[in-house]
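**Q**
Number of protein chains: 2
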Amino acid sequence: MTETRTASEQTRARLLDAAREVFAEYGFQGATVREICRRADANVAAVNYHFGSKDDLLAEALNFSRLKALQVANAKASKNPKTRLRLFIHDFMLTLLGETNASGQCQIMARELADPTPVLDEIVRQAIGPLHEFLGKLVREIVGDKVSEADLLRCVHSIIGQCSFYYHSRPVMQRLHPELRFDHKEIEAIAQHIADFSLNGLSHYSGKS
Amino acid sequence: MTETRTASEQTRARLLDAAREVFAEYGFQGATVREICRRADANVAAVNYHFGSKDDLLAEALNFSRLKALQVANAKASKNPKTRLRLFIHDFMLTLLGETNASGQCQIMARELADPTPVLDEIVRQAIGPLHEFLGKLVREIVGDKVSEADLLRCVHSIIGQCSFYYHSRPVMQRLHPELRFDHKEIEAIAQHIADFSLNGLSHYSGKS
DNA sequence: TTTACTTTCAAACAGCTGTTTGATACGCTC
DNA sequence: GAGCGTATCAAACAGCTGTTTGAAAGTAAA
Numbered sequence: 233m234t235e236t237r238t239a240s241e242q243t244r245a246r247l248l249d250a251a252r253e254v255f256a257e258y259g260f261q262g263a264t265v266r267e268i269c270r271r272a273d274a275n276v277a278a279v280n281y282h283f284g285s286k287d288d289l290l291a292e293a294l295n296f297s298r299l300k301a302l303q304v305a306n307a308k309a310s311k312n313p314k315t316r317l318r319l320f321i322h323d324f325m326l327t328l329l330g331e332t333n334a335s336g337q338c339q340i341m342a343r344e345l346a347d348p349t350p351v352l353d354e355i356v357r358q359a360i361g362p363l364h365e366f367l368g369k370l371v372r373e374i375v376g377d378k379v380s381e382a383d384l385l386r387c388v389h390s391i392i393g394q395c396s397f398y399y400h401s402r403p404v405m406q407r408l409h410p411e412l413r414f415d416h417k418e419i420e421a422i423a424q425h426i427a428d429f430s431l432n433g434l435s436h437y438s439g440k441s
Numbered sequence: 233m234t235e236t237r238t239a240s241e242q243t244r245a246r247l248l249d250a251a252r253e254v255f256a257e258y259g260f261q262g263a264t265v266r267e268i269c270r271r272a273d274a275n276v277a278a279v280n281y282h283f284g285s286k287d288d289l290l291a292e293a294l295n296f297s298r299l300k301a302l303q304v305a306n307a308k309a310s311k312n313p314k315t316r317l318r319l320f321i322h323d324f325m326l327t328l329l330g331e332t333n334a335s336g337q338c339q340i341m342a343r344e345l346a347d348p349t350p351v352l353d354e355i356v357r358q359a360i361g362p363l364h365e366f367l368g369k370l371v372r373e374i375v376g377d378k379v380s381e382a383d384l385l386r387c388v389h390s391i392i393g394q395c396s397f398y399y400h401s402r403p404v405m406q407r408l409h410p411e412l413r414f415d416h417k418e419i420e421a422i423a424q425h426i427a428d429f430s431l432n433g434l435s436h437y438s439g440k441s
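First to last, the sequence lines map onto chains A and B. Mapping of the first sequence onto the working numbering: residues 233 to 441, in sequence order. Mapping of the second sequence onto the working numbering: residues 233 to 441, in sequence order.
1. Using three-state DSSP, classify A:PRO350 as helix, strand or coil.
2. One question on the structure: do A:ASP347 and B:HIS436 come within less than 8 Å of each other, judged by their Cβ atoms?
3. Can you list, in chain order, the residues of its chain whose CB lies under 6 Å from that of B:HIS322, leaving out five sequence neighbours each side?
4. Just checking, does the segment 398–408 of chain A make contact with the segment 350–362 of chain B on the three C-beta pairs under 8 Å criterion?
5. Residues of chain A with CB closer than 7 Å to the CB of B:ALA342, please, in chain order.
6. Among the candidates B:LEU289, B:SER240, B:ARG271, whose CA atom is the shortest distance from the CA of B:VAL279?
7. CB-CB under 7 Å to B:ARG316, same chain, minus the five flanking residues each way: which ones, in chain order?
8. Judging by CA-CA distance, which residue of B:GLU420, B:GLY433, B:THR332 is the nearest neighbour of B:PHE296?
9. With a cut-off of 8 Å on the beta carbons, I'd call A:ILE374 and A:LYS314 a contact; round off their distance for me.
10. Round the Cβ separation of A:TYR453 and A:CYS338 to the nearest angstrom and send it over; I've been treating them as touching at under 8 Å.
11. Within 10 angstroms of its Cβ, does B:ALA284 collect 16 or more other Cβ (buried), or is it exposed?
12. So is B:ARG266 buried or exposed if we call it buried at 16+ other beta carbons inside 10 Å?
13. Quick one: what does DSSP say B:MET233 is sitting in, helix, strand or coil?
14. Name, please, each residue of chain A whose Cβ falls closer than 7 Å to the Cβ of B:PRO403.
15. When the Cα atoms are used, what is the spatial distance from B:ALA421 to B:PHE414?
16. Can you give me the C-alpha to C-alpha distance between A:THR236 and A:ALA245, rounded to a whole angstrom?
17. Would the beta-carbon of B:ARG252 fall within 8 Å of that of B:GLY336?
18. Leaving out five residues on either side along the sequence, give the residues of the same chain with a beta carbon under 8 Å from the beta carbon of A:LEU363.
19. Using beta-carbon positions only, say whether B:GLY433 and A:SER430 come within less than 8 Å of one another.
20. Put B:HIS409 into one of helix, strand or coil per three-state DSSP.
21. Please work out which residues of its chain come closer than 8 Å, Cβ to Cβ, to B:ILE426, disregarding the five sequence neighbours upstream and downstream, and give them in chain order.
22. Hey, would you say A:LEU294 sits closer than 8 Å to A:ILE268, going by beta carbons?
23. Under the three-state reduction of DSSP, which class applies to A:VAL388: helix, strand or coil?
24. Quick one: list the residues of chain B neighbouring A:LEU408, beta-carbon separation under 8 Å, in chain order.
25. Can you tell me which of the three DSSP states A:GLU267 falls into?
26. Looking at the secondary structure, which residues open and close the alpha helix (DSSP H) in which A:ASP288 lies?
27. Counting only beta-carbon atoms, is B:ASN432 nearer than 8 Å to chain A?
28. Is any beta-carbon of chain B found at less than 8 Å from that of A:ILE268?
29. Measure the CB-CB distance between A:ALA256 and A:ILE360 and report whether it falls below 8 Å.
30. Decide if B:ALA382 is buried, meaning its Cβ has at least 16 other Cβ atoms within 10 Å, or exposed.
31. When the distance is taken between beta carbons, is A:VAL388 closer than 8 Å to A:LEU408?
32. Drop a sphere of 10 angstroms on the beta-carbon of A:THR327, count the other beta-carbons inside from all chains shown, and report buried for 16 or more, exposed for fewer.
33. Threshold first: 3 residues or longer. Then list the beta strand (DSSP E) segments lying entirely within the segment 287–346 of chain B, N to C.
34. Would you report the Cα separation of A:ASP273 and B:THR264, rounded to the nearest angstrom?
35. Identify the contact partners of B:ILE374 in chain A, using a Cβ-Cβ distance below 7 Å as the criterion.
36. Measuring alpha carbon to alpha carbon, tell me which of B:HIS282, B:ALA250, B:PHE260, B:VAL276 ends up nearest B:ALA239.
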């Protein structure tokens with residue numbers, strides 16, 4: 233019984249891994265059940281047997297552990313808010329541009345933004361929403377209580393916008409600056425720039441930086 | 233002869249309009265030739281007859297006149313660079329979020345970023361490249377000669393990133409802040425925030441703002 | 001071994017895709 | 001009106017899609 237279950241669960245796991253790969257590579261529409269099963273060494277019918285449908289497979293393939301861990305780690309770093317913002321931007325850029333396997337999840341999210349499917353609701357609820365909320369609190373610590381909620385929101389958007397730009401525009405950068413490599417050193421430089429730029433931007437709201 | 237040609241050209245034009253609509257709505261993969269022809273009141277074979285293929289249709293459907301006009305108008309406004317940056321951000325946000333028909337083009341571009349097809353090369357060459365270059369020169373006027381080319385590039389990215397964020401994240405905003413309406417007033421507020429935030433950010437490089 | 005079950009598999013299904021075809025209708029010159 | 005090139009059309013094509021099916025294989029308790 234345990235043997236059977238683990239065998240079945242192994243197939244399930246292989247399908248999930250393959251699905252994450254293929255969805256990230258080709259998008260939801262572009263990804264085919266056959267390609268997923270091919271990479272998972274499984275039969276075409278396996279997806280429907282184990283998950284019910286291609287839609288349900290995508291829903292189960294989502295995994296935001298990396299993003300959540302990042303926020304938890306940052307909250308534990310009990311330094312002053314400005315330093316924590318620097319730390320967050322740094323970690324966030326590493327997640328977005330680094331070679332972590334989280335980039336697949338980011339790719340799926342990016343594709344959902346340009347072409348939403350029903351799973352976007354779940355992505356917003358589980359990942360993007362908490363992220364915005366987290367950054368909102370952090371920025372609030374920096375700018376103080378006098379700043380309106382609307383302005384605070386716009387500041388958060390300015391920060392996330394700068395970070396996610398580098399992710400979204402990778403295909404463009406490849407063509408515009410083919411010599412540019414997003415290695416560890418470059419990522420750190422970008423993160424530092426965004427932090428400097430943003431803290432100066434925030435100073436417009438909080439008074440002198 | 234002229235009658236025939238204009239009739240044929242009318243079909244061509246209708247197909248192009250419909251294509252822009254459908255590509256923007258469903259993406260390149262999601263858009264179907266049949267739907268495009270249905271909206272253009274044309275036969276299914278019309279696309280291949282007039283354009284050769286679905287790919288070629290997309291390539292011809294691209295239109296960056298709005299984006300180009302925006303840069304030309306800004307260059308003519310011979311005010312000081314900071315004011316011109318404010319003006320540009322304002323016009324750019326109106327293009328991105330306003331009710332202009334340019335939003336279809338933006339949608340196509342956004343989809344190409346998340347899921348590039350061969351036409352992305354053309355988009356980068358004709359639209360995004362010139363845009364980056366334009367902003368590069370403008371920012372250079374503000375920060376002066378002492379700033380390195382790499383830092384200048386990152387500043388440009390910070391500005392474009394903030395602007396395009398509001399475009400990319402519309403599906404998210406709809407879910408996260410359903411009460412928020414991107415009416416003219418809100419767009420102006422956003423544009424002013426981005427300008428303030430960015431000019432303060434730039435002051436980090438150019439010395440005191 | 002028999003029985004009951006889960007899991008895998010090749011094959012087929014119905015539906016949609018971009019594209020092609022050959023016939024038909026149109027507009028124009030002669 | 002005859003002839004000619006262009007444009008439109010319904011129909012069919014080949015290929016791919018997600019999904020279903022019913023048989024076969026595997027697993028574990030009786």
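Using N, Cα and C, we set each Cβ at its ideal position, and we do this for glycine too. None of the values given here were measured: they were computed from a predicted structure.
**A** According to the structure shown:
1. Along the first sequence, one-based indexing puts residue 350 of chain A at 118. Coil at A:PRO350, not helix or strand.
2. Translated into the one-based positions of the first sequence, residue 347 of chain A becomes position 115. Translated into the one-based positions of the second sequence, residue 436 of chain B becomes position 204. Their beta carbons are not under 8 Å apart, which means A:ASP347 does not touch B:HIS436 by this criterion.
3. As a working mapping, residue 322 of chain B is identified with position 90 in the second sequence. Excluding positions up to five away in sequence, the list reads ALA423.
4. yes
5. Along the second sequence, read from residue 1 onward, the residue named residue 342 of chain B stands at position 110. The contacting residues are ALA346.
6. Sequence index remark: in the second sequence, residue 279 of chain B carries index 47 (1-based). Closest by alpha carbon: B:LEU289.
7. Looking up residue 316 of chain B in the second sequence gives position 84. If we look at B:ARG316 and ignore the five residues flanking it on each side, its Cβ neighbours are ASN306, ALA309, LEU370.
8. As a first step, residue 296 of chain B must be located in the second sequence, where it is residue number 64. Per the Cα distances, B:THR332.
9. If you number the first sequence from 1, residue 374 of chain A lands on position 142. If you number the first sequence from 1, residue 314 of chain A lands on position 82. Between A:LYS314 and A:ILE374 the Cβ distance is about 6 Å, and since that is below 8 Å, they are a contact.
10. It is not possible to answer for residue 453 of chain A, since the shown part of chain A is limited to 233 through 441.
11. Reading the second sequence from its first residue, position 52 is the one you call residue 284 of chain B. The sequence shown places Gly at residue 284 of chain B, rather than the Ala named in the question. Looking at its Cβ environment, which holds fewer than 16 other Cβ atoms inside 10 Å, B:GLY284 is exposed.
12. In the second sequence, counting from the first residue as 1, residue 266 of chain B sits at position 34. That one is exposed.
13. Mapped onto the second sequence, residue 233 of chain B falls at position 1. With a pLDDT of 39 at B:MET233, under the threshold of 50, the predicted position of this residue should be treated as unreliable, though the coordinate-derived value follows. Coil at B:MET233, not helix or strand.
14. As a working mapping, residue 403 of chain B is identified with position 171 in the second sequence. Those are LEU345, PRO348, LEU352, listed as they occur along chain A.
15. The sequence position of residue 421 of chain B within the second sequence is 189, counting from 1. The sequence position of residue 414 of chain B within the second sequence is 182, counting from 1. Rounded to whole angstroms, B:ALA421 to B:PHE414 spans 10 Å at the Cα level.
16. On the first sequence, residue 236 of chain A is found 4 positions in, with the first residue counted as 1. On the first sequence, residue 245 of chain A is found 13 positions in, with the first residue counted as 1. Confidence at A:THR236 is low in this model, with a pLDDT of 41, below 50, so the placement of that residue is unreliable and no value is reported for it.
17. Taking the second sequence and counting its residues from 1, the one referred to as residue 252 of chain B is at position 20. Taking the second sequence and counting its residues from 1, the one referred to as residue 336 of chain B is at position 104. Against a cut-off of 8 Å, the Cβ pair of B:GLY336 and B:ARG252 comes out as a contact.
18. On the first sequence, position 131 is the one that residue 363 of chain A refers to. Excluding residues within five positions, the ones whose Cβ falls inside 8 Å are LEU299, GLN303, ILE392.
19. If you number the second sequence from 1, residue 433 of chain B lands on position 201. If you number the first sequence from 1, residue 430 of chain A lands on position 198. In this structure, A:SER430 lies closer than 8 Å to B:GLY433 by Cβ.
20. What you label residue 409 of chain B is simply residue 177 of the second sequence in a count that begins at 1. Coil at B:HIS409, not helix or strand.
21. Working through the second sequence from its first residue, we reach residue 426 of chain B at position 194. Closer than 8 Å at the Cβ level, and outside the excluded window around B:ILE426, lie ILE321, MET325, ILE391, GLN394, CYS395.
22. Residue mapping note: residue 294 of chain A aligns to position 62 of the first sequence, counting from 1. Residue mapping note: residue 268 of chain A aligns to position 36 of the first sequence, counting from 1. No.
23. Here residue 388 of chain A corresponds to residue number 156 of the first sequence, with the count starting at 1. Three-state result, A:VAL388: helix.
24. In the first sequence, residue 408 of chain A corresponds to position 176, counting from 1. Here the neighbours are VAL356, ILE360, GLY361, HIS364.
25. As a working note, residue 267 of chain A is residue 35 in the first sequence. Three-state result, A:GLU267: helix.
26. Position 56 of the first sequence holds residue 288 of chain A. 286–293 is the span of the alpha helix (DSSP H), which, as asked, contains A:ASP288.
27. The count along the second sequence starts at 1 and reaches residue 432 of chain B at position 200. Cβ-Cβ to chain A under 8 Å: yes for B:ASN432.
28. By 1-based counting over the first sequence, the position of residue 268 of chain A is 36. For A:ILE268, the answer is no, since every Cβ of chain B falls outside 8 Å of its Cβ.
29. The sequence position of residue 256 of chain A within the first sequence is 24, counting from 1. The sequence position of residue 360 of chain A within the first sequence is 128, counting from 1. No; because the gap between Cβ atoms is not below 8 Å, this pair is not in contact.
30. Here the question's residue 382 of chain B lines up with position 150 in the second sequence. It counts as exposed.
31. Within the first sequence, residue 408 of chain A is the residue found at index 176, counting from 1. Within the first sequence, residue 388 of chain A is the residue found at index 156, counting from 1. No, Cβ-Cβ distance for A:LEU408 and A:VAL388 is not below 8 Å.
32. The residue given as residue 327 of chain A occupies position 95 in the first sequence. Per the 10 Å Cβ criterion, buried.
33. none
34. Here residue 273 of chain A is taken as the residue at index 41 of the first sequence, counted from 1. Here residue 264 of chain B is taken as the residue at index 32 of the second sequence, counted from 1. Near 32 Å, if we compare the C-alpha coordinates of B:THR264 and A:ASP273.
35. Numbered from 1 along the second sequence, position 142 holds the residue referred to as residue 374 of chain B. None at all; the shortest Cβ gap to chain A is about 13 Å.
36. The residue you call residue 239 of chain B lines up with position 7 of the second sequence. Closest by alpha carbon: B:HIS282.
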